[in-house]
């Protein structure tokens, strides 16, 4: 069994130096006080020895307290402030000073945090891979159901039941994908001008591909990076599986606001049932990221058909995400 480390050689030297300086300083101060009393000539100092001894004890105690303050209390406070509140906060933790047990504790904490982050990353990747693997056979099943629907001799109740079951499986797949995308994402709210943010994203695409209809003065209190990632993925999905132009607009309601992303519909896709075709083609990581964004901001995501002919994704956010009274 390893012996517990109380103080390292360096710590003992610092402790000895603090006690010697405290005791020596107190003894010098006591002798100066006695000398001043003698010079005054009015009083004779009795029991100089005990007085000097007491001053040395007080000085050593003061040195010890200062050592503990500098090498124990201050590093402990620094460590408590540095401990991450989220799994994605910066690592490793660092201390500018501290006795050997604190430094050892710090190293072990860093090791535990690094191990936990590695486990979280593996869990996230496994969920994401599983959601991706499930999505391919689900899409094939949707195509087969669409083929059944086109046949003349069909059991309509059976086909409708199969479609309902597949829709439920798609929702479960979306939840699994969301778990893989957002299980370790911390929420960092900041002031965001929604119009400027979305127009900046639109500059990444061809001018006619993304249209923005958002008030330029709309202020939000959201996680900027998560919002940008959400909109990027939804626009990419709309352009890849639907068709331009992709419209990004914002509407208000009594509960907050709604960000709408909708496309003009799939091109060159015939023979599929509309609901089946759109939901299977648009299903992807973008939906999982968007669901996670809404859920962590206290909102919801809804998917429906767009008047433009494609898919419409509505991100409903509460009043807590608005600043300056909203729109």
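Residue numbers (our numbering): 1 to 327. All C-beta atoms in this analysis are idealised placements derived from N, C-alpha and C, irrespective of residue type, glycine included.
For residue 217, the secondary structure class from DSSP, reduced to helix, strand or coil, is coil. Listed as beta-bridge partners of residue 212 by DSSP are 248. Measuring C-alpha to C-alpha distances from residue 200 to each of 229, 48 and 35 identifies 229 as the nearest.
Within its own chain, the residues whose Cβ lies closer than 6 Å to the Cβ of residue 296, once the five positions on either side in sequence are excluded, are 187, listed in chain order. In its chain, beyond the 5 residues on either side, 224 have a beta carbon closer than 6 Å to the beta carbon of residue 190. About 6 Å separates the CB atoms of residue 63 and residue 21; that is less than 8 Å, so the two are in contact. DSSP, read as helix, strand or coil, puts residue 169 in helix. Looking at the DSSP output, residue 256 shares a beta bridge with 253 and 318. The C-beta of residue 288 has 16 or more other C-beta atoms within 10 Å across all chains shown, which makes the residue buried. Cβ neighbours of residue 304 within its own chain (closer than 6 Å, five residues either side excluded): 312.
Non-local C-beta neighbours of residue 213 in its own chain, meaning closer than 8 Å and more than five positions away in sequence, comprise 247, 248, 249 and 250, ordered along the chain. Under DSSP, residue 190 forms a beta bridge with 222. Residue burial is scored here from C-beta neighbours: residue 259 has at least 16 other C-beta atoms within 10 angstroms and is therefore classed as buried. In the DSSP assignment, residue 303 falls within the beta strand (DSSP E) that extends over 300-305. A straight-line Cα-Cα distance of about 41 Å links residue 158 and residue 120.
Residue pairing for residue 311: DSSP places it in a beta bridge opposite 305. Secondary structure at residue 323: strand, using DSSP grouped into helix, strand and coil. Per DSSP, the unbroken alpha helix (DSSP H) holding residue 48 starts and ends at 48-68. Looking at the DSSP output, residue 262 shares a beta bridge with 247 and 312. For residue 34, the uninterrupted alpha helix (DSSP H) run begins and ends at 9-40, by DSSP. Looking only at 32, 130, 71 and 164, the smallest Cα-Cα distance to residue 145 is reached by 164. Spatial neighbours of residue 231 in its own chain (CB-CB distance under 6 Å, excluding positions within 5 residues in sequence) are listed in chain order as 201. In this structure, DSSP gives residue 206 a state outside helix and strand, which the three-state scheme calls coil. By the Cβ-count criterion, residue 99 is buried, with 16 or more other Cβ atoms from all chains shown falling within 10 Å of its own Cβ. In the structure shown, residue 292 falls within a helical segment according to DSSP collapsed to helix, strand and coil.
Beta-carbon to beta-carbon, residue 118 and residue 67 are separated by about 38 Å, too far to satisfy the 8 Å threshold.
Spanning the alpha carbons of residue 306 and residue 238 requires a straight line of approximately 11 Å. In this model, residue 323 and residue 220 are separated by some 5 Å (Cα to Cα).
For residue 255 against residue 308, the beta-carbon gap comes to about 25 Å, at or over 8 Å, which does not count as contact.
Under the 10 Å beta carbon count, residue 301 is surrounded by 16 or more other beta carbons and is classified as buried.
The alpha carbon of residue 244 has as its nearest neighbour, out of 193, 126 and 205, the alpha carbon of 205. Secondary structure of residue 232 (DSSP, three-state): helix. In the displayed model, residue 123 falls within a helix according to three-state DSSP. Annotated three-state conformation of residue 155 is coil, per DSSP.
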